Structure formats: C-alpha cells, structure tokens
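K.L.:
2 protein chains.
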Amino acid sequence: MKRTSRDIRTANRYEVLRQIIAASPTSRQELAAATGLSLATVATLVGELLDLQMITEVGFEDSAGGRPRGLVAVNASGGALIGVDIAETYVHVELFDLGLNVLARAEEDVRPGESLPEQVVSHVAAVVGSVVAQAGIEGARVLGVGVSVPGQVDRASGVSEYAPNWDWHDVPLLDLLTEHIAYPLYLDNPLRASAVAELWFGAARGRGDAVVVNLGTGVGAGLVLGGGLHRGVSNSAGEWGHTTIVLDGRLCRCGKHGCVEAYVGASGIMLNLRESSPDSALLHPEDQTATIAALAEGLRRRDPVALEVVRDTVRYLGAGIADLVNLFNPEVVVLSSWVAAALGEPLVTEVREAVARHALPRPMAATEIVLSPIPTDPVCLGAATFALEGALQSVGQKNGKRTTPTRSRAHHAR
Amino acid sequence: MKRTSRDIRTANRYEVLRQIIAASPTSRQELAAATGLSLATVATLVGELLDLQMITEVGFEDSAGGRPRGLVAVNASGGALIGVDIAETYVHVELFDLGLNVLARAEEDVRPGESLPEQVVSHVAAVVGSVVAQAGIEGARVLGVGVSVPGQVDRASGVSEYAPNWDWHDVPLLDLLTEHIAYPLYLDNPLRASAVAELWFGAARGRGDAVVVNLGTGVGAGLVLGGGLHRGVSNSAGEWGHTTIVLDGRLCRCGKHGCVEAYVGASGIMLNLRESSPDSALLHPEDQTATIAALAEGLRRRDPVALEVVRDTVRYLGAGIADLVNLFNPEVVVLSSWVAAALGEPLVTEVREAVARHALPRPMAATEIVLSPIPTDPVCLGAATFALEGALQSVGQKNGKRTTPTRSRAHHAR
DNA sequence: AGGGGTTAGGAAAGGGGCTTTATAAAGTCA
DNA sequence: TGACTTTATAAAGCCCCTTTCCTAACCCCT
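Listed below in structure tokens is the structure:
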C-alpha cells in the first residue's frame, strides 16, 4: 500500500533482468531502449547484477562507427533456482539455472493416504535433494526454493491456510519445510505462480494488465494488474473457478452449484463428455489425463464427439472468460496449465469466438487471447521465479553486507 | 505503467488532503500518524496546500503541556468544483466547495428525442452555468468540472467511445463541451466516478482493495485496487453488469442472455416483481423510480411481496457479488447508486447472507459489505473529485509558474 | 517572574533514486 | 595522425522522503 522509491528500484531491477533473460546477450543501449530508463540507470543496475554474478560480460558488438557496445548475458552458472509444484497427486520439482533452463527435474507421487503435512513435506525434501544431487550443484549456489501449494496461502507467515484437496487447515508449511531444506523458501499458490511465470517469461511480459487462466484439474485465474501481481487483501484473489456461471447449476466439488470449475475443470470436461456421449471411447473413467489426451487426439483428427465436447465446454469457458474480460479489461488473456496445453490451438480458436460472443465489444477488441508460450511446467517455473524475485529483492537491503560496492570486475579484458 | 517518484508525491498529496477533508480541522501530528508519513513530509505537503489556498490555518490546539499544535482546515471558499452526472433521462449537476459540501445543484431532463450530442452538451452547459450563477461564485474560483457519461470513455482524448443508452459512437464530447465551458474539464464514466467518491470520502477510504457495486438502472462495478482506481487497458474495467450469471438466462438489453444486470438492474427487479406477483400494487409500470420506492416502502412494513422480490433479486445479486469477492478479494464491497440507497439496510443484510453462501469462506471472511455512506449523489461527487485530482496533479508541474515557493503565509498571527 | 520540562514545527543534513551533462574510452574513416 | 562517432562511466543536479537538531511556544513549579 505504501510505496517508496525503493519499490521503483526493485521494479526496475526486475525489468532489466527480465529483459536480459529474454534477449540474452544484449547491450546496455538496448536495455535502456526497452525499459525506458536512462543509460546511466541501466548501467548501475547492470553493475549491480554483474556484482551479484547473475549476469556476465560476454563480449562486444559493433556499433555504427563508434565504440563497440559491451554485451551482457545471463550467467547461467551464477546460481540455481528450484521450483516445487505440490499438487493433489504428485510433487513435481525442477531446478533451473539463471537463464531459467531446466537442469534437473524430479517427481514423486502422493498417494491418497499420504496427505498428512509431514508426509508431503518429506516428499518435497526428497525431491529437492534429488534435483540438487542430480544437477551436481553445490548447495551454496541455490538462491532459493519456491513452493507452490494449492489453496489459500499466507505467504508472509508461510502458512497453508486452507488446501481443499487434503482438507488442510492452517498448516505451518514453511516452518515444516525449513526443518528439511536449508535454502531460502518462498511459498505461494499455483495460480499466482503461473501468473508470475507469464509475467516474467510468457505472454504477459511487458503488459500492464493480464489475466492468466489456469485450466487443469482445478481452474483459477492469476491477475496481473498494473504490471504486478494482484493478491487481494488476504492473498486469495483470482478464485475464478468457484465463480457462478449457471445459477443453481451443476454441483461442484466445493459444495456449491454452477461454478465455472464444475464445467471446465478436467472432471467437468469428463462429465460434459459423459453426458453427451456416454459410450465414447474417448472416455477413460477415473483417469483425467488419459481422457483429456484422448480428447486432444480426437480434436486433431476432427472426431465429431471430441469437437462436440470441446464446443460444449467452451460454451461455459467462453462465458467465464468473457466475464474476466469485462471486469478487468486486460491486454491479454493467457490460457495455461495442462488441459489448455493438451487441447492447444483448436481450443483457443473456439474460445476466442465464444468470448467474443459474450464479452462487450470494446474491451474485447482490446484483448488478445493466447495459449501460454511457456514450454515447461509453468507452476514450477513460476515458483522458481518467486525465488528469483526474492533473491533480487534483498539486494538493496541494509544487511546486504556489500557495504562498498566493489565493482571489481575486470574491465575490458579483451 | 512507468512509475516515478513524482507519483509517490502525488499520491501522498492526495492522501494528506483526503485526510484533512475527512477530519477538518486537524493537526500536522494527526496527519502524520494517519498517513504514515514523517512529520517533515507532512509539513511540506501542508505548506503546498496552504500556498494553493486549498486549506488554511485555523488556530491552535492544546498539546499535553508543550507547544500547541497548529490546526489546518479545508479552505471551503478557496475554490469550487463542479460534478456533472449525465444519465439516460437527466443531467444532474452539483457545485461543491473544497470541503465537498454542495453549494448549488441543478437538473435538466433529457427527453428521449433530445439525445443528440449537441443537445446533451447544451443541457450540460446550461446546468453548469446555472449552478455557478446560483452559488454566486466568480468563474476564476472554479477549479474544474468533472463530467460523468455512461458507457465507454477515453478520458485522455475526451471521447465518449460508446454510450449504449443513446447509441453514441466516438463522440468527441470534451471538444464539444470546451466550446461552451471555460473551466478545466475531466471526463469519465459513472462507475469510476462513484468509485473515486468512495475512495476519497466514502467506505473505501484508506482501503487498499475495494469494489464499489453500482445498483441503478444499469449496474456495474468500480474497482479500487492497490489504493487506486483500476481502469484496464482501454479504461473499461468494471463492466460487471454484463457478466453472465445464468447461462442462456433472461434476455438483457445488451442483447445477450443471463447478464447480472438483467436480474438486478432496476428493470430486472421490476421483472422479478412482475414474474412473482403480476398484480402487485407495488408495481408501477414504466416507472422504475416509483416501483423501487414502493418496494422500499414495502420492505419497511415487511410486506411479504416486497420481501419476496428482494429475496429473489438477492439470489442473483448475492451470486454476482460473491464472484467479485472471489476474484478480487477486496477489503470492502460498497453498495452504491439509487437502488441500493432506496432499499437500504434490509437489502444489505440479505446480500451479506447470500454472498456468504456463494463466496469462498476465506475471502468472504476478509471482506465487509456495506452501504455507501455518501449522502449525496455519488456520481456528481465523484465527478467533482476527478476535477479535484486534476487540480492537485498539476501542482508539481514545471509550468506551475510558482518558481519560487513563496510560502508567504503570515506565520502565527494569533 | 523566571527557570526547567515538554511538545510542535522548521531547517539542515543525509540517503536513495533517476536524469542530464561532461569526460574518458574505443572504435571508424579520411 | 587527426576528426568524428559511439559507448560507458563519473559528476552534478533534482526530487522525494526521513532523521536529527534546534528554536518556538506553552505549562508548571518555585
């Protein structure tokens, strides 16, 4: 709420690093042009990042007749970030270098009976240890671990206030994890993780207002407003999945009726399929992944049943997304998570048409609807991004221990 | 999108003035405590406002044994602000002093045949002239005129992009008004006007995230996010009225089906009444105001038909507001506009219960639902507030002509 | 009446941030 | 080699906020 000039600095630091990651290698000139900052400011920010060893000088580029431009690039080996995606049935973790390339990944299943906090925490500790070993990274280089857990999260205290899938209430998850993991930890939920991934590396980059729609087993939205994540007063903004789309409609697993999720979540889609074609071979009872995959495959060969199911689903999805367009008036709506990835462009095409039917023409004309361009698991990437943000945030702090900005990098050792 | 330290200054200036208006007279100490700013900063901001003659020193207050606190208060006669509310059937205008007290008001009806832009503009010019004359204000003291017009508005260029009620398309309203009105003009729509009124003077004051729900002939929401108005990429965020609440439901005047407005807008409520009790004496066909007034009166005497209609309406309204709570996770939801004002607390009580049934428990627990505490027309007040913001914005500008901050106020002339 | 004690408010200094301007560095081209 | 161009850093300036110090103004007590 209260803004200070430090926030400006932090935002600019983010912006510069984002740009470097996106267009590595790049010159200070290009960064200044892309960010709108002055050359001097870019130079000092680049200096900071060089000191942090997050980026390195990698050579020179000819200029038009004058001194050549120095190039900087991400120092991939300057550190590692870990993203943990805790979901209902698995714990997935990826270890990234600073270019946000995946160096290692690991996964463990969480069986239905193993959902006590202590059990989940030991899974997490195991997979985190595994990726660190796998990547052959020394622990000191791990800048942080971002952890995504479904439901409502108090990121400041690190408490999982409510996780619907396991009926957790006020589990002090961060404290439990701290006992097993020595790296700095950052906790949030998958909606915000994938939103932040889009903001840094995906379709929301450089956009002021964006909505990231997650279509998976659960559905929800991550809100990027004014260039940053909107969290709401208790960090639970974006709960679009349990928004009412059909009053007194289909029963949702949340206990209410007519929620968006009941129609467009993975099990909602399965139900749409079952209702329209109960005997379809596309249906794999008890297996969401297989059913969605079969549906995707059916779309590719233009199977009429698959087309029908998608059209049916998009009736709801289109109306739901149109609501988001009307309310937020975003520049872009990004479709993310595994169902969206599986169904791909055919889905997006249908969604665009359906949203256009429901949304007001003016806001609709101002917003693009696209598939997430992020090739890996956006939740892991986003969780890792929380760790990256955390590492960058503490740069300017008093306890930074870097009292004299040493700036000792060899200058122009050509 | 790009923030600078000036934005911080502007925000602080707003905050200090808001506080002074709210708690006039007040001391610098109190202001510092209320805003979280240092005493020094408050002192310089107060100095600026004194120089602008927006506030004056009005005396002293005993301190606990030490030097007495100087008190400042709004300088009511330091200027005047005008708010214009252009609606479907009328143009309403109010002239405020700097304490935002109404000094004069005027109204003209817009008859159905008179909805050409030129005709509306001449109405506006007439009422603006009328209030200035009525208040006996010299023109130089009018700091600005805020104009609210329904629909989509480009506030930068001053174009009414689309006004649904009159089927206006890209009307250069500000240019037309400039020909008749010499004061600085500010254009926006009623949703944002009433939101800004709540932000400055109403239930959203001091809140980071708030949703102002307008219940009138049309319905919509004004979004206060991060302490400021959220506009969206094309200044049309908050179009909640045409959000789908019942897929394939009742036909809305926008041409689509199942919009919130079709159920909870004034004519939606009339339809609810007609459907449940076609012969009710409460129903005044063709007269929304009378019907809503009759309904309100019915509520007061606990008329079962009225109760039934409200309960019916709240079924939809509760679900719609619950969607807003889930999506935005606001600190407060403010019910505003004339239908909300007419139905009053009985409506709010019902709404609270209904929202609680539909919204997720955690976000719901964090948000209050209240009636707008603003006693006058919030749209006029909000429009005037746009003018106030405009007047404050240009303080720090280079062309401010106040090169040497004169600070010539007589100090301590007791 | 004249000192302490206490509180308010202003002025100055300081720190963080960004930009503009000057200067140094490193090339190109004639 | 010298003039020109372009880049990068350093210096200076401005804005904004805070902290610190000092004076102003009042109380109370002697």
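Protein chains in written order, with the working numbering: chain A, 0 to 413; chain B, 0 to 413. Think of the CB as a built atom: it goes at the ideal place given N, C-alpha and C, for glycine as much as any other residue. If you're wondering where the values come from, they're calculated on a predicted model, not measured in any experiment.
Whose CA, out of A/D96, A/R356, A/S121, A/L326, lies closest to the CA of A/I180?
P.N.:
With distances taken between Cα atoms, A/I180 lies closest to A/S121.
K.L.:
Can you give me the start and stop residues for the alpha helix (DSSP H) that B/A289 sits inside?
P.N.:
Per DSSP, B/A289 belongs to the alpha helix (DSSP H) from 287-299.
K.L.:
State yes or no: is the C-beta of B/T88 nearer than 7 Å to some heavy atom of the ligand COA?
P.N.:
Absence of the ligand COA is noted for the structure shown, with no ligands found whatsoever.
K.L.:
What number of angstroms, rounded off, separates the C-alpha of B/E349 from the C-alpha of A/E238?
P.N.:
Cα to Cα, the separation comes out at about 23 Å.
K.L.:
Give a yes or no on whether the minimum CB-CB distance between B/W239 and chain A is below 8 Å.
P.N.:
It does: the Cβ of B/W239 has a partner Cβ on chain A nearer than 8 Å.
K.L.:
Using 10 angstroms around the beta-carbon of B/T3, count the other beta-carbons present and answer buried if the total reaches 16, otherwise exposed.
P.N.:
Exposed, by the Cβ-count rule.
K.L.:
How many Å lie between A/I414 and A/F200 at the Cα?
P.N.:
The structure shown has nothing for residue 414 of chain A, since chain A only spans 0 to 413.
K.L.:
Using a beta-carbon distance cut-off of less than 8 Å, what residues from the stretch 324-345 of chain A approach chain B?
P.N.:
Result list: N325, L326, F327, N328, P329, E330.
K.L.:
Please list, in chain order, the residues of the stretch 150-174 of chain B that have any C-beta partner in chain A closer than 7 Å.
P.N.:
Of all residues in the stretch 150-174 of chain B, Q151, E160, Y161 have a Cβ within less than 7 Å of some Cβ in chain A.
K.L.:
Since B/H91 is in the beta strand (DSSP E), which residue starts that stretch and which ends it?
P.N.:
First-last of the beta strand (DSSP E) with B/H91: 89-96.
K.L.:
Which whole-angstrom value is the C-beta distance of A/V333 and A/V195, which I expect to be below 8 Å?
P.N.:
Not really, about 12 Å apart at Cβ, beyond 8 Å.
K.L.:
A/L298 and A/V313 look like a contact to me (Cβ under 8 Å); what is the Cβ gap, rounded to whole Å?
P.N.:
With a Cβ gap of about 12 Å, A/L298 and A/V313 do not count as contacting.
K.L.:
Hey, could you find the ends of the alpha helix (DSSP H) A/L172 is sitting in?
P.N.:
Per DSSP, A/L172 belongs to the alpha helix (DSSP H) from 172-177.
K.L.:
Check for me: the alpha helix (DSSP H) holding B/R68 runs from which residue to which?
P.N.:
No alpha helix (DSSP H) holds B/R68; the beta strand (DSSP E) holding it covers 68-73.
K.L.:
Can you tell me where the beta strand (DSSP E) holding B/R104 begins and where it ends?
P.N.:
Unbroken beta strand (DSSP E) run through B/R104: 101-108.
K.L.:
Can at least three beta-carbon pairs, one atom from the stretch 375-384 of chain A and one from the stretch 268-282 of chain B, be found at a separation below 8 Å?
P.N.:
Counting Cβ pairs under 8 Å, fewer than three are found: no touch.
K.L.:
Is A/T88 buried or exposed, if buried means 16 or more other CB atoms sit within 10 Å of its CB?
P.N.:
Exposed, because fewer than 16 other Cβ atoms sit within 10 Å of the Cβ of A/T88.
K.L.:
A/Q151: which of A/S235, A/V210, A/V123, A/V57 sits nearest, CA to CA?
P.N.:
For A/Q151, the nearest C-alpha among the options comes from A/S235.
K.L.:
Using a 10 Å radius around the Cβ and a threshold of 16 neighbouring Cβ atoms, would you call A/Q18 buried or exposed?
P.N.:
It counts as buried.
K.L.:
Since B/T242 meets chain A, which of its residues come closer than 7 Å, beta carbon to beta carbon?
P.N.:
Neighbours of B/T242 on chain A, chain order: D322, N325, L326.
K.L.:
Are any of the Cβ atoms in chain A nearer than 8 Å to that of B/Y185?
P.N.:
Not closer than 8 Å to any Cβ of chain A, the Cβ of B/Y185 fails to qualify, so no.
K.L.:
If we cut at 8 Å on Cβ distances, does B/A318 have a partner in chain A?
P.N.:
Chain A, which has a Cβ nearer than 8 Å to the Cβ of B/A318, makes this yes.
K.L.:
Check whether the stretch 68-75 of chain B and the stretch 87-104 of chain B are in contact - that is, three or more C-beta pairs closer than 8 Å.
P.N.:
With a cut-off of 8 Å, the stretch 87-104 of chain B and the stretch 68-75 of chain B count as touching, because enough Cβ pairs lie within range.
K.L.:
Measuring only between beta-carbons, confirm whether A/D311 sits less than 8 Å from chain B.
P.N.:
So, not an interface residue.
K.L.:
Note down the Cα distance separating B/S37 from B/T43, rounded to an integer number of angstroms.
P.N.:
If I take the Cα positions, the gap works out to 10 Å.
K.L.:
Alpha carbon to alpha carbon, how far is B/C258 from A/G205?
P.N.:
Each residue's Cα considered, the two are about 33 Å apart.
K.L.:
For a contact meaning CB atoms closer than 7 Å, what does B/L224 contact in chain A?
P.N.:
Within 7 Å Cβ-Cβ: L224, H229.
K.L.:
Note down, in chain order, each residue of its chain lying with its Cβ closer than 7 Å to the Cβ of B/A415, except the 5 sequence neighbours on either side.
P.N.:
Nothing in the structure corresponds to residue 415 of chain B, since chain B is present only between 0 and 413.
K.L.:
Listed in chain order, which residues of the stretch 350-380 of chain A have Cβ atoms closer than 9 Å to some Cβ of chain B?
P.N.:
Going along the stretch 350-380 of chain A in chain order, one finds R356, H357, A358, L359, P360, R361, P362, A364, A365, T366 with a Cβ nearer than 9 Å to chain B.
K.L.:
Kindly indicate if chain A contains any beta-carbon less than 8 Å away from that of B/R17.
P.N.:
By this cut-off, B/R17 is not an interface position.
K.L.:
Using C-beta distances below 8 Å, list every residue in its chain close to B/V15, excluding the 5 sequence neighbours before and after it, in chain order.
P.N.:
Same-chain partners within the cutoff: L30, T34, L36, V41, L44, V45, L48.
K.L.:
Mind reading off the beta-carbon distance from A/V218 to A/G248? Whole number of angstroms is fine, and I expect it under 8 Å.
P.N.:
Incorrect: roughly 15 Å between the Cβ atoms, too far for contact.
K.L.:
Helix, strand or coil: which one does DSSP assign to B/Y161?
P.N.:
Strand at B/Y161.
K.L.:
Just confirm the distance between the C-beta atoms of A/A79 and A/I136, as a whole number of angstroms; I'd bet it's less than 8 Å.
P.N.:
Correct: roughly 5 Å between the Cβ atoms.
K.L.:
Could you say which of B/G145, B/V304, B/D286 lies nearest to B/S276 if we only look at CA atoms?
P.N.:
Per the Cα distances, B/V304.
K.L.:
List, in order along the chain, the chain A residues whose C-beta lies closer than 8 Å to that of B/A414?
P.N.:
There is simply no residue 414 of chain B to check, as chain B begins at 0 and stops at 413 in what is shown.
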